[in-house]
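K.L.:
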Amino acid sequence: MSKKPAVCVQIEDDLLATATGEAGPSAARRVETHLAACATCRREYQEYRAVDGAVATLRDEPIPNGGLAEAREQLETRLADLQGRLLTYRIFPSPLGHILIARSELGISLVEYLDRGTSLRASRLSHEPGVELVEGGGELEAIYRELLEYLHGRRKRLEWPLDLRLTRSDFHRTVLQATAAVPYGAVIPYAGIAQELGKASAVRAVAQALRWNPLPIVIPCHRVIGTSGDLTGYAGKKLGLKQKLLSVEGIPTTRRGGTLGIASQAMYILYPGEREYCLPTCPSFDTHLPAPLTRFASREDAEVAGFAPCTTCRPDLHPISH
Amino acid sequence: MRQESFEAVISSHHGEIYRYLQRVIGRSGDADDLSQETFLRAFRAYGSLPGEANVRAWLFAIATNLAKNYFRSETRRRQAYGEVRATVREAEDPTPEAELASRQTEAMVEGIVRRLPLKQRLAFMQRKIHGLEYEAIGRSLGCSADSARAHVFQALRKIRQTLDGHGLLPKEPQ
Chain A
37 MSKKPAVCVQ
47 IEDDLLATAT
57 GEAGPSAARR
67 VETHLAACAT
77 CRREYQEYRA
87 VDGAVATLRD
97 EPIPNGGLAE
107 AREQLETRLA
117 DLQGRLLTYR
127 IFPSPLGHIL
137 IARSELGISL
147 VEYLDRGTSL
157 RASRLSHEPG
167 VELVEGGGEL
177 EAIYRELLEY
187 LHGRRKRLEW
197 PLDLRLTRSD
207 FHRTVLQATA
217 AVPYGAVIPY
227 AGIAQELGKA
237 SAVRAVAQAL
247 RWNPLPIVIP
257 CHRVIGTSGD
267 LTGYAGKKLG
277 LKQKLLSVEG
287 IPTTRRGGTL
297 GIASQAMYIL
307 YPGEREYCLP
317 TCPSFDTHLP
327 APLTRFASRE
337 DAEVAGFAPC
347 TTCRPDLHPI
357 SH
Chain B
5 MRQESFEAVI
15 SSHHGEIYRY
25 LQRVIGRSGD
35 ADDLSQETFL
45 RAFRAYGSLP
55 GEANVRAWLF
65 AIATNLAKNY
75 FRSETRRRQA
85 YGEVRATVRE
95 AEDPTPEAEL
105 ASRQTEAMVE
115 GIVRRLPLKQ
125 RLAFMQRKIH
135 GLEYEAIGRS
145 LGCSADSARA
155 HVFQALRKIR
165 QTLDGHGLLP
175 KEPQ
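Pasting the structure below:
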C-alpha cells in the first residue's frame, strides 16, 4: 500500500469537510487549489461527495406517520396525568426562616415554614401521597421576590393564582376562602369567620382549618385571632411569626400578662355587616352586644378595604394617635 | 419566564425527536417510550429552563442522554445490530440493477451508522440528519464542539471505507 503524500494527509480533514458541506470558505479554497493538482484526492473528494449523497437519502427517508400520531397521542395522555400530579417547589430563606413554596399547573399550592430543616425532608410534601415533586424554577423566583417585598412591607397584596387541593376537606377550603377576604391591616376573630360561614358555633373547627392552612401569608390566617384580642395560635406553636406578620401590616400587639394580643384600643373597629368603621370609643358602639369585630390598624387600610369613616365618632377628624 | 407554552414545544419538536430516537434506537416500541420520556422529563424541568435557552438543542440533549442510558445494556446493543444485519439482507433481494445499487448503498449506510460507537453515532445523527450545531452536540455528549466534530468526521470516514470496500462508490472522477 503506497503511503499518502504529507500534503494530502494535511488537507484530508478540510477535504472531507468541503465534500460534506462542513467547511468554511478558506478551507474550501485550499481544497480547490489542492484538487487541481492531485488526482488521488480528487477521487477521494468524489467518494466523500457520494457518501454525502447517501447520507442525504438517509435523512430524507420517511418515518411512517401512523406511528408518530400514535406516539403523540400516548405522550399527551401521560403528560395530562403528570400535569395533575406535578408540584414544582423551591426552598428560600426569609425573615421568618426557611420557607418552601410549591406550585402546580393551577397555582401556588403550598407555602410552608420549615422549622425542622432546610431540605425537602423537612416538608409535609415528602409524605404527601400521589404528588410528583420537582425542584424549580424561574416562576417560583418571581413569587419569592414578591413574598420578600410583602414581608418587608413594600407590597400589600399577593395576587397569586392559588391551588387549594392540599387542604384537608371542603370545610377547610371554605374557611380558607373566607379568610382570604380579610383585608390587609385588619384582624377578625375566629368567631367572625365562623359567623360569616353561617356556622357560628364552629369556632374550634375554624381554628383547626387555619392551623392546617397550606398557604399561610397569602391566605392570611395570621389576621384571625381570639375574640378577646389574644393572638391565640399560629401554624402550631409559631405565635412569634404571627406577631411579626401582624407588625408588618402595622397592627399593634401587646403582652398582657403572659399572653400576646392586639392592642385593641389602638385600632379602628368595624361591626359585622356595617359599612362604616369607628373609633373604639364611638358612642354608637354597644359594648354589651357580643359581636365579632373586625379591627383595622389604620384608617387608610379600612378605607382601601371599602369602608367609610363613621359619621358619629368621625375617625377622620379624630384619628387614633400611635 | 418563558413565553412559549409546553404544548407549543410539543407541536414544534415532537416529530423530530421521535424520528431521531427511531433512527438511533432502531426498535420502534422502545423509541416510542424514549420519545415520550424525553418530553415528560422536559416538562418537569421546563419551568427552570432559562428564557434564552435553545429549546430544540435542549430536547435533543435529553433524548441523547436517554439513548445513552438505553444502550448501556449490551443486550440491547446486540439486538440493534441484529436488526441492522436483517435490514442489509433484505436489501439484497433481486431488483433492477440501479435501484438495487441505491438500496444497497442506503441500507449499507444505515447499517454502518448503527454499528458506529455510540458517541459517533449520536454525534453523526444530530449533525448530519438533524443539522444541530457542534456546540449543542458537544453539550449533549459531554464533550467539546471539536470532539463532536471529530466524531462526525470519523463516522464519515468509516462510511466511505465500508462503501468503498463493497464497491458502492464511484470509481472515476465525475
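First to last, the protein sequences are chains A and B.
Residues in the first sequence are numbered consecutively from 37, following the working numbering.
Residues in the second sequence are numbered consecutively from 5, following the working numbering.
Virtual Cβ for every residue (Gly too), placed ideally from N, Cα, C.
1) For the stretch 34 to 50 of chain B, enumerate the residues whose C-beta is nearer than 8 Å to any C-beta of chain A, in chain order.
2) Quick check: the Cα distance between A/Pro326 and A/Ile127, rounded to an integer number of angstroms?
3) Name the one or two DSSP bridge partners that A/Arg331 has.
4) Between A/Ser62, A/Glu177, A/Ile47 and A/Thr54, which has its C-alpha nearest A/Cys74's C-alpha?
5) Considering only C-alpha positions, which residue in the set B/Phe43, B/Gly33 and B/Leu38 is nearest to B/Ala12?
6) Could you check which residue in B/Gln130, B/Gly171 and B/Arg153 has the C-alpha nearest to that of A/Glu58?
7) Under the DSSP definition of a beta bridge, which residues are partnered with A/Ile298?
8) I want to see whether chain A comes within less than 8 Å of B/Arg76, judged by CB atoms only; does it?
9) Assign A/Arg157 to one of two classes, buried (16 or more other C-beta atoms within 10 Å of its C-beta) or exposed (fewer than that).
10) In whole angstroms, what is the alpha-carbon distance linking A/Cys314 and A/Val218?
11) Contact criterion: CB-CB distance below 8 Å. Does A/Leu122 meet it with respect to chain B?
12) Identify each residue in the stretch 132 to 155 of chain B for which the Cβ-Cβ distance to at least one residue of chain A is less than 8 Å, and report them in chain order.
13) What residues in the stretch 81 to 104 of chain A bring their beta carbon closer than 7 Å to a beta carbon of chain B?
14) A/Asn249: buried (16+ other C-beta within 10 angstroms of its C-beta) or exposed?
15) Check A/Ala42 in the structure and name its three-state DSSP category.
16) Does DSSP put A/Glu185 in a helix, in a strand, or in coil?
17) Could you give the distance in angstroms between the alpha-carbon of B/Gln108 and the alpha-carbon of B/Leu173?
18) Name the chain B residues whose beta carbon is nearer than 8 Å to that of A/Gly173?
19) Could you tell me whether any Cβ in chain A is nearer than 8 Å to the Cβ of B/Arg164?
20) Just checking: is the beta-carbon of B/His17 within a distance shorter than 8 Å of some beta-carbon in chain A?
21) DSSP has A/Asp352 in a bridge; who is on the other side?
22) Report the three-state DSSP secondary structure of A/Asp199 (helix, strand or coil).
23) Hey, would you say A/Pro308 sits closer than 8 Å to A/Gly221, going by beta carbons?
24) With three or more beta-carbon pairs closer than 8 Å as the criterion, would you say the stretch 100 to 114 of chain A touches the stretch 10 to 28 of chain B?
25) Can you give the Cα-Cα distance for B/Tyr138 and B/Leu145, rounded to whole angstroms?
26) Return the first residue and the last residue of the alpha helix (DSSP H) that A/Val5 is part of.
27) Given a threshold of 16 other Cβ atoms within 10 Å of its Cβ, counted over all protein chains shown, does A/Ala72 qualify as buried or as exposed?
28) Here's the rule I'm using: 16 or more other beta-carbon atoms within 10 Å means buried, otherwise exposed. How should A/Thr23 be labelled?
29) Using the three-state DSSP reduction, which class does A/Phe343 fall into: helix, strand or coil?
30) At what residues does the beta strand (DSSP E) containing A/Ile135 begin and finish?
31) Between A/Arg259, A/Gly293, A/Arg292 and A/Gly265, which has its C-alpha nearest A/Lys280's C-alpha?
P.N.:
In terms of the structure at hand:
1) Asp36, Ser39, Gln40, Phe43, Leu44, Phe47, Arg48 and Ala49
2) 43 Å
3) Looking at the DSSP assignment, A/Arg331 forms a beta bridge with A/Val223 and A/Ile305.
4) A/Cys74 has its Cα closest to that of A/Ile47, out of A/Ser62, A/Glu177, A/Ile47 and A/Thr54.
5) B/Phe43
6) B/Arg153
7) A/Thr289
8) no
9) The residue is exposed, with fewer than 16 neighbouring Cβ atoms inside 10 Å.
10) 17 Å
11) Judged by the 8 Å Cβ criterion, A/Leu122 is in contact with chain B.
12) Lys132, Ile133 and Arg153
13) Gln82, Glu83, Tyr84, Ala86, Val87, Ala90, Val91, Thr93, Leu94, Arg95, Ile99, Gly103 and Leu104
14) With 16 or more neighbouring CB atoms inside 10 Å of its own CB, A/Asn249 falls in the buried class.
15) In this structure, DSSP gives A/Ala42 a helical state, which the three-state scheme calls helix.
16) helix
17) 11 Å
18) Gly51 and Ser52
19) yes
20) no
21) Paired residue(s): none; A/Asp352 is not in a bridge.
22) coil
23) no
24) yes
25) Near 10 Å, if we compare the C-alpha coordinates of B/Leu145 and B/Tyr138.
26) The question about residue 5 of chain A has no answer, for chain A in this structure spans 37 to 358.
27) exposed
28) Absent from the structure is residue 23 of chain A, since the part of chain A shown begins at 37 and ends at 358.
29) coil
30) That run of the beta strand (DSSP E) goes Ile135 to Arg139.
31) A/Arg259
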